[in-house]
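A.B. asks: Just dropping this structure here.
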Amino acid sequence: MRLTYKKFTLEVEVKDLISMPPYKGSTIRGGFGNVFKRVTCPFKNRECRDCMLISGCIYAYIFETSPKDDFTIMNMSKYEKIPHPFVIEPPEEKTLTYHSGEKITFNLILVGRAVDYIPYFVYTFGELGNIGIGRGRGKYELKRVLQNDKEIYSAEEKTIKATDPEVLEIPEADIFLQCEEANDDSIRLIANTPIRIVYRRRLASRLEFHILIRNLLRRIGLLYYFHCEKIPPKWDPRSIIREAEKVNIVKDNLRWFDWERYSQRQKSKMKMGGLIGDIVYEGNIRPFIPLLRAGEILHVGKGTSFGLGKYTLESLNAERWFHFDHTYNKY
Numbered sequence: 135m136r137l138t139y140k141k142f143t144l145e146v147e148v149k150d151l152i153s154m155p156p157y158k159g160s161t162i163r164g165g166f167g168n169v170f171k172r173v174t175c176p177f178k179n180r181e182c183r184d185c186m187l188i189s190g191c192i193y194a195y196i197f198e199t200s201p202k203d204d205f206t207i208m209n210m211s212k213y214e215k216i217p218h219p220f221v222i223e224p225p226e227e228k229t230l231t232y233h234s235g236e237k238i239t240f241n242l243i244l245v246g247r248a249v250d251y252i253p254y255f256v257y258t259f260g261e262l263g264n265i266g267i268g269r270g271r272g273k274y275e276l277k278r279v280l281q282n283d284k285e286i287y288s289a290e291e292k293t294i295k296a297t298d299p300e301v302l303e304i305p306e307a308d309i310f311l312q313c314e315e316a317n318d319d320s321i322r323l324i325a326n327t328p329i330r331i332v333y334r335r336r337l338a339s340r341l342e343f344h345i346l347i348r349n350l351l352r353r354i355g356l357l358y359y360f361h362c363e364k365i366p367p368k369w370d371p372r373s374i375i376r377e378a379e380k381v382n383i384v385k386d387n388l389r390w391f392d393w394e395r396y397s398q399r400q401k402s403k404m405k406m407g408g409l410i411g412d413i414v415y416e417g418n419i420r421p422f423i424p425l426l427r428a429g430e431i432l433h434v435g436k437g438t439s440f441g442l443g444k445y446t447l448e449s450l451n452a453e454r455w456f457h458f459d460h461t462y463n464k465y
């Protein structure tokens, strides 16, 4: 499986006082969504499902992609929507107030065909700065957009330079046959933003390794099918999950973190709590590294477009295989 993506860093300069909550993902994502619809949709007050333009609409593809005739793919009949082909990683700092002249940076990850729409994303974030964001609608100017520290857009030139996508290569054959032998190794997962995973119709309060792997298989598989190649993954999820169930938790410092966001669409507050902290797994982990590494980039669980589900990995005793090369980032 070759899953293409691009990761961008956006730098903005504050013009007016900007006030945002400690976790800024909802504010940035909410503002972006509203402006993106203004920019791309000719029918501002019409539901996407009733629109004659839905099949060729950029807004519908990014925000309202439906499985349509693909309900049998990966048990899609249980779900109304597929994963969004973008992730916004908000600023990590907990700053509540930004003053004129200060800089704010955040990341944008686009997956598959969504990378072709980067001009719309850049233009929308620029327009959002003109309209204002956060409490009081503080304004900013989009100064630069970078990919791998290379500037692809600046406020002075206002053109976007073409770049090649990066590629996540994930084996689809029996990943356990590709490893010479089983090893008992330890790895720490650090939840940088709340991880919200639904397992058996409930939010998981304990992140068993197999629950993590189940969600990664599903998320990566759906992103690949609907946004990349329109080909179902060839892996055997049952055998992978069976092996994942053998990996144990040896230390669990994850805790539940509650926060709320206001939904403009539903006109109500929504609870978006999840697990933060860190957890240590032990077992035959090496075969899962390509999936885990992909999840570091693509995030895991619910609310990924807000930046939820971001994690980083640390090897505790096996540096040799931790950087096992399946070409996670191939330029």
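Numbering of the sequence shown is given in this note's numbering, commencing with residue 135 and proceeding in unit increments. Glycine is no exception: its CB is placed at the ideal position from the N, C-alpha and C atoms.
1) Closest to Leu-341 by C-alpha separation, out of Glu-363, Ile-410, Met-404 and Leu-302, would be which residue?
2) May I ask you to verify whether the stretch 410-423 touches the stretch 320-335, counting CB pairs closer than 8 Å and requiring at least 3?
3) From Ser-373 to Thr-327, what does the alpha carbon distance come to, in whole angstroms?
4) From what residue to what residue does the beta strand (DSSP E) around Thr-128 run?
5) Are the CB atoms of Asp-150 and Gly-272 nearer to each other than 7 Å?
6) May I ask you to report which of helix, strand or coil DSSP gives Lys-368?
7) Whole angstroms are fine: how far does the CA of Leu-356 sit from the CA of Lys-215?
8) Do you know how far the Cα of Leu-388 is from the Cα of Lys-464?
9) Take Leu-137 and list the residues in its own chain whose beta-carbon comes closer than 6 Å to its own, dropping the five residues that flank it on each side.
10) Can you tell me whether Gly-437 is helix, strand or coil according to DSSP?
11) Just checking my contact of Tyr-113 with Ile-192 at CB under 8 Å: how many whole Å lie between their CB atoms?
12) Can you tell me whether Pro-156 sits near the ligand HEM, meaning its C-beta is under 6 Å from at least one heavy atom of the ligand?
13) At the level of alpha carbons, what is the spacing between Ser-439 and His-218?
14) Out of Arg-163, Pro-299 and Leu-346, point me to the one whose CA is closest to Gly-498's CA.
15) Assuming Thr-148 and Leu-262 are in contact, meaning their beta carbons sit under 8 Å apart, how far apart are those beta carbons, in whole angstroms?
16) Residues bridged to Ala-325 by DSSP?
17) Give me, in chain order, the residues of the same chain whose beta-carbon lies closer than 7 Å to that of Ser-153; leave out the 5 immediate sequence neighbours on both sides.
18) Name the DSSP bridge partner or partners of Ser-320?
19) If I measure Cβ to Cβ from Pro-176 and keep anything under 8 Å in the same chain, skipping five residues before and after, which residues do I get?
20) Roughly how many angstroms separate the alpha carbons of Gly-437 and Gly-165, rounded to a whole number?
21) Can you give me the C-alpha to C-alpha distance between Glu-306 and Phe-343, rounded to a whole angstrom?
22) Restricting to Cα atoms, I'd like to know which of Ile-375, Gly-408, Asn-418 and Ile-383 is closest to Trp-390.
23) Ends of the beta strand (DSSP E) at Leu-276?
24) Since Asn-241 is in the beta strand (DSSP E), which residue starts that stretch and which ends it?
25) When you compare each of Glu-223, Arg-427, Ile-286 and Val-332 to Glu-448 by their alpha carbons, which one comes out closest?
26) Give the straight-line distance between the Cα atoms of Tyr-333 and Lys-380, rounded to the nearest whole angstrom.
27) With 16 other CB atoms within 10 Å as the buried threshold, where does Thr-293 fall?
28) Span of the beta strand (DSSP E) holding Ser-160?
29) Starting from Leu-357, trace the alpha helix (DSSP H) in both directions and tell me its first and last residue.
30) Would you call Lys-158 buried or exposed, if buried means 16 or more other Cβ atoms sit within 10 Å of its Cβ?
31) With 16 as the cutoff for other CB atoms within 10 Å, does Asn-349 come out buried or exposed?
32) What first and last residue would you give for the beta strand (DSSP E) that runs through Phe-177?
33) Cα separation between Trp-393 and Ser-160?
C.D. replies: Walking through what the data contain:
1) That would be Ile-410, whose Cα lies nearest to the Cα of Leu-341.
2) Using a Cβ-Cβ distance cut-off of 8 Å, the stretch 410-423 and the stretch 320-335 are in contact, since at least three pairs of beta carbons, one from each stretch, lie closer than that value.
3) Distance between the alpha carbons of Ser-373 and Thr-327: 29 Å.
4) Outside the shown range of the chain (135 to 465) lies residue 128, about which nothing can therefore be said.
5) Yes. Within cutoff.
6) Residue state, collapsed to three classes: coil.
7) Distance between the alpha carbons of Lys-215 and Leu-356 is about 10 Å.
8) Summary for Lys-464: the model assigns pLDDT 28, below 50, so the residue's position carries little reliability, and this model does not support an answer.
9) For Leu-137, where only same-chain residues beyond five positions count, the Cβ hits under 6 Å are Leu-302, Tyr-358 and Cys-362.
10) Note: Gly-437 maps to coil in three-state DSSP.
11) The structure shown does not extend to residue 113, since the chain spans only 135 to 465, so no value can be given for it.
12) In the structure on display, the ligand HEM does not appear, and there are no ligands present to speak of.
13) Straight-line Cα distance between these residues: approximately 7 Å.
14) No information on residue 498 is available, as it lies outside the stretch 135 to 465 that the chain covers here.
15) For the record, residue 148 in the displayed sequence is Val; it is not Thr. A Cβ-Cβ distance of about 13 Å is found for the pair Val-148 and Leu-262, leaving them out of contact under the 8 Å criterion.
16) Residue pairing from DSSP places Ala-325 in a beta bridge opposite Gly-411 and Tyr-445.
17) Around Ser-153: Leu-230, Thr-231, Gly-268, Arg-269, Gly-270 and Gly-272.
18) Answer by DSSP bridge pairing, in chain order: Glu-416.
19) Closer than 8 Å at the Cβ level, and outside the excluded window around Pro-176, lie Leu-187.
20) Distance from the CA of Gly-437 to the CA of Gly-165, rounded to the nearest whole angstrom, comes to 15 Å.
21) Taking the straight line from one Cα to the other gives about 20 Å.
22) Of Ile-375, Gly-408, Asn-418 and Ile-383, the residue nearest in Cα terms is Gly-408.
23) It spans 274-281 - the beta strand (DSSP E) in which Leu-276 sits, taken as one unbroken run.
24) In this chain, the beta strand (DSSP E) harbouring Asn-241 covers 237-245.
25) Of Glu-223, Arg-427, Ile-286 and Val-332, the residue nearest in Cα terms is Arg-427.
26) The C-alpha of Lys-380 is placed about 18 Å away from the C-alpha of Tyr-333.
27) That one is exposed.
28) Run containing Ser-160: none in the beta strand (DSSP E); it sits in the alpha helix (DSSP H), 159-174.
29) From DSSP, the alpha helix (DSSP H) with Leu-357 extends over 343-358.
30) Counting other Cβ atoms within 10 Å of its Cβ, Lys-158 reaches 16 or more and is therefore classed as buried.
31) Buried, because 16 or more other Cβ atoms sit within 10 Å of the Cβ of Asn-349.
32) Phe-177: not part of any beta strand (DSSP E); DSSP gives it neither H nor E.
33) The alpha-carbon atoms of Trp-393 and Ser-160 are separated by roughly 10 Å.
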